[in-house]
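> Chains as they are written, first to last, in this note's numbering: chain A, 1 to 191; chain B, 1001 to 1191. Beta carbons are placed, not taken as given, at the ideal position from N, Cα and C, and that holds for glycine.
#1: Identify the contact partners of residue 1121 of chain B in chain A, using a Cβ-Cβ distance below 8 Å as the criterion.
#2: Would residue 1117 of chain B and residue 1052 of chain B be called neighbours here (beta carbons separated by less than 9 Å)?
#3: Is the shortest distance between the beta-carbon of residue 1137 of chain B and the beta-carbons of chain A less than 9 Å?
#4: The alpha helix (DSSP H) spanning residue 1093 of chain B covers which residue range?
#5: Can at least three beta-carbon pairs, one atom from the region 143-156 of chain A and one from the region 65-79 of chain A, be found at a separation below 8 Å?
#6: Between the Cα of residue 49 of chain A and the Cα atoms of A/13, A/151 and A/71, which residue gives the shortest distance?
#7: Taking 9 Å as the CB-CB limit, is residue 19 of chain A close to chain B?
#8: Taking the alpha-carbon positions, what's the residue 94 of chain A to residue 175 of chain A distance?
#9: Kindly indicate the opening and closing residues of the alpha helix (DSSP H) around residue 132 of chain A.
#10: In this structure, does DSSP put residue 1177 of chain B in helix, strand or coil?
#11: Compute the Euclidean distance between the alpha carbons of residue 148 of chain A and residue 136 of chain A, then round it to the nearest angstrom.
#12: Is it the case that the Cβ atoms of residue 1021 of chain B and residue 171 of chain A are separated by a distance below 9 Å?
#13: Does any residue of chain A have a CB that is nearer than 9 Å to the CB of residue 1181 of chain B?
#14: Hey, could you find the ends of the alpha helix (DSSP H) residue 1099 of chain B is sitting in?
#15: Can you have a look at residue 1100 of chain B and say buried or exposed, based on whether 16 or more other CB atoms are within 10 angstroms of its CB?
#16: Go to residue 1056 of chain B, then tell me how far its alpha helix (DSSP H) extends in each direction, as first and last residue.
#17: Classify residue 1027 of chain B as helix, strand or coil using the three-state DSSP reduction.
#18: Taking the continuous alpha helix (DSSP H) assigned at residue 144 of chain A, which residues delimit it?
#19: Ordered along the chain, which non-local residues of its own chain (more than five positions away) have a Cβ less than 7 Å from that of residue 1168 of chain B?
#20: Tell me whether residue 105 of chain A is buried or exposed, calling it buried when 16 or more other Cβ atoms sit within 10 Å of its Cβ.
#21: Can you pull the chain A neighbours of residue 1177 of chain B, defined as C-beta to C-beta under 9 Å?
#22: Could you check what DSSP says for residue 186 of chain A in three-state terms: helix, strand or coil?
#23: Taking the alpha helix (DSSP H) that residue 1111 of chain B belongs to, which residues open and close that run?
#24: Which same chain residues end up closer than 8 Å to residue 28 of chain A when comparing Cβ atoms and leaving out the 5 residues on each side of it in sequence?
#25: In whole angstroms, what separates the C-alpha of residue 180 of chain A from that of residue 1056 of chain B?
#26: Can you tell me which of the three DSSP states residue 191 of chain A falls into?
#27: Any Cβ of chain A within less than 9 Å of the Cβ of residue 1055 of chain B?
#28: Any beta carbon of chain B sitting closer than 9 Å to that of residue 105 of chain A?
#29: With 9 Å as the threshold, decide whether the Cβ of residue 1113 of chain B is near any Cβ in chain A.
#30: Compare the C-beta of residue 41 of chain A against all C-beta atoms of chain E and say whether one is closer than 9 Å.
#31: Per DSSP, what kind of secondary structure is residue 1170 of chain B in: helix, strand or coil?
#32: How is residue 165 of chain A classed by DSSP in three states: helix, strand or coil?
#33: Classify residue 45 of chain A as helix, strand or coil using the three-state DSSP reduction.
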């Protein structure tokens, strides 16, 4: 059975937004590729901007599913669970040809001129760091991080550094910057 | 005396590219703001793409001047000189309202679809890290970094993490992510 039109547009849109960015994304091309009439697009989305916001919502559903799977894995120590989430993200990037992170690329492209995107993407980052911070706090509590560590602060640092590594990975189509950054971070925080 | 037209276009273009990104940059608007006729633009630049490449070249001249000033300051220990370069960059960002790094924003926006920009920006990052690595190697030699440190690797890590912090700074219009990242990095590498 064919998936619903809206689902196909959001999925196809995610891949195209990651590659093209927002301003270079041609909705017409997306519709042609998926054989969807134009009227159908505007039945589901008010505008290109509304569409991109919903693509980000869909991306965040996947992110939260990844966080659920990794951070909730009670059989592993908390620092391993945090690292597992970023390694899962790296594997997702691999499947996309190392195009980096949608939040980072749209955040860079649009946040100079569009506050709706700017606040939305900052909100996504805050959601991720809040969940990572809970797990880092658990690590601190168990003595895997120094007692004086600030879990929220460390979670923000981790995501910020990750986003830079994701950019470099996108430029080089290469996972090395991601691995190097994770190695550095996790070696540093435990001391 | 009025500065040459090409200079004014490159300077104005830098500010507009940082804010708007590449695809949202309207050359016409740039010309109107600076009172420059369209024919004059195409006298100096083959295309919008050629213009953006030359804006990046100009940006890199400033970066190299900053590296000269900071890394060449032989009166300070090498790690302080490296940090001074990134603090200088932060002060430049402050003057622009914390819009982040032009290389990072164009790299994110364009590297999915345009290999000329992708390779150019990766080349700029490589130039910066090569110079930073020389200074980190000096620090290692003087015992300010552990003997087993790989200066080139540490320079790449520093720039990658910086770029992520610059994105977050752009999203929040705030220098805190930049300062937090520098504190973390320089605290971590000396151990």
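Looking at the coordinates:
#1: 171
#2: yes
#3: no
#4: 1078-1095
#5: yes
#6: A/13
#7: yes
#8: 8 Å
#9: 115-141
#10: helix
#11: 12 Å
#12: no
#13: yes
#14: Where residue 1099 of chain B is concerned, there is no enclosing alpha helix (DSSP H), given that its DSSP letter is neither H nor E.
#15: buried
#16: 1048-1071
#17: helix
#18: Taken as a continuous stretch (DSSP letters only), residue 144 of chain A belongs to no alpha helix (DSSP H), as it is neither H nor E.
#19: 1177
#20: buried
#21: 156, 157 and 160
#22: helix
#23: Element bounds for residue 1111 of chain B: n/a, residue is neither H nor E.
#24: 38
#25: 27 Å
#26: coil
#27: no
#28: yes
#29: yes
#30: No chain E is part of this structure, whose protein chains are labelled A and B.
#31: helix
#32: helix
#33: coil
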